[in-house]
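The sequence shown lines up with residues -24 to -1, 1 to 167 when you count with mature numbering (1 follows the signal peptide of the UniProt record, and there is no 0).
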Amino acid sequence: MRSATKAVLTVLALALAAPTAAQAEPASGNRHDRAVAHGVFAPYHETAEAITYAPELVPPGARMGVFANDLPGERTTVLAALEGLRPNRTYGAHVHTRPCGPEGSDAGPHFQQVPAPEGVSGDPAYANPRNEVWLDFRTDASGNAVTGAVGDWTPHRGEASSVVIHEHRTRTAPGVAGEAGARLACLNVPF
């Protein structure tokens, strides 16, 4: 495993072990401090947490871990570490609204802090990394990657339920903004 991946996983492990203010004193409202998910990609089965829909690009046995943490001021950080994907390849990745299922489309659309009006798609006013959680990444020569994003989003269960890996980097042009190709894999995350 690459040293950068090890470093991020060490930070994630320390963050999980360290008590937070909300652990010491319950938070008010529906906000929570963090979400953690990890899984080994496999073909769909009823209890799968990490599913590959394209084994040639996200091989069975590849792994992903996601850590999301609420920050002061209604901000959230989302970090992901991946291992065992195709080497030297760019992927798109986003937080999606529904859990993973037998088909990539089961994960629903991208989570949006401010949802686009019904029927609006590809509009950069809504499909952008400030309104959606974009985690695009490029793997190293071993097929590993670390990615993350910080934004003014507050994804929570019921509004955000998974991270989907896509075929290519997310596009930003009008009419195609937010598009990243086929859904290759999905990891359930308890936001």
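Just so it is clear, CB atoms sit at the ideal spot from N, CA and C, and this is done for glycine as well.
What would DSSP say about Asp128, mapped onto helix, strand or coil?
As a working note, residue 128 is residue 152 in the sequence shown. DSSP places Asp128 in coil when its eight states are reduced to three.
Just verifying my parser: in three-state terms, what is the DSSP assignment at Ala38?
Stepping through the sequence shown from its first residue, residue 38 is reached at position 62. Residue state, collapsed to three classes: coil.
First and last residue of the beta strand (DSSP E) that includes Thr115?
To locate residue 115, count along the sequence shown from 1; it is residue 139. No beta strand (DSSP E) holds Thr115; DSSP gives it neither H nor E.
Let me know if Asn64 comes out buried or exposed under the rule of 16 or more other beta-carbons within 10 Å of its beta-carbon.
For the purposes of this step, residue 64 is taken as the residue at position 88 of the sequence shown. Exposed, because fewer than 16 other Cβ atoms sit within 10 Å of the Cβ of Asn64.
Reference Cys162, options Pro36, Arg10, Asp9, closest by Cα
Mapped onto the sequence shown, residue 162 falls at position 186. Checking every option, the nearest Cα to that of Cys162 belongs to Pro36.
Does the segment 45 to 59 come within contact of the segment 93 to 106, defined as at least 3 CB pairs closer than 8 Å?
The answer is no - the segment 93 to 106 does not touch the segment 45 to 59, with fewer than three Cβ pairs under 8 Å.
Taking C-beta to C-beta, are Arg159 and Gly80 nearer than 9 Å?
Here residue 159 is taken as the residue at index 183 of the sequence shown, counted from 1. Here residue 80 is taken as the residue at index 104 of the sequence shown, counted from 1. Result yes, Cβ atoms of Arg159 and Gly80 sit closer than 9 Å.
Residues in the same chain with beta-carbon distance under 6 Å from Ala(-12), minus the five sequence neighbours each way, listed in chain order, please.
Start at 1 with the first residue of the sequence shown, and residue -12 comes out as number 13. Confidence is the limiting factor: at Ala(-12) the pLDDT is only 45, short of 50, which leaves the residue's position unreliable, though a coordinate-based value still follows. Listed in chain order, the non-local C-beta contacts of Ala(-12) below 6 Å within the same chain number zero, local neighbours out to five positions each way being set aside.
How many angstroms separate the CA atom of Ser4 from the CA atom of Ala44?
As a working note, residue 4 is residue 28 in the sequence shown. As a working note, residue 44 is residue 68 in the sequence shown. With a pLDDT of 36 at Ser4, under the threshold of 50, the modelled position of that residue is not reliable, and the figure given next carries that caveat. If I take the Cα positions, the gap works out to 19 Å.
Ala83 - DSSP class collapsed to helix/strand/coil:
In the sequence shown, the residue the question calls residue 83 occupies position 107. When secondary structure is reduced to three states using DSSP, Ala83 falls in the helix class.
Assign Cys76 to one of three DSSP states: helix, strand, or coil.
As a working mapping, residue 76 is identified with position 100 in the sequence shown. Here Cys76 sits in coil by DSSP.
Can the beta-carbon of Ala83 be found less than 9 Å from the beta-carbon of Val140?
Residue numbering aside, residue 83 sits at position 107 when the sequence shown is read from its first letter. Residue numbering aside, residue 140 sits at position 164 when the sequence shown is read from its first letter. Yes, the Cβ-Cβ distance between Ala83 and Val140 is below 9 Å.
For a test of the three-state rule: what should DSSP assign to Tyr20, helix, strand or coil?
Numbered from its first residue, the sequence shown carries residue 20 at position 44. The answer is coil: DSSP assigns Tyr20 none of H, G, I, E or B.
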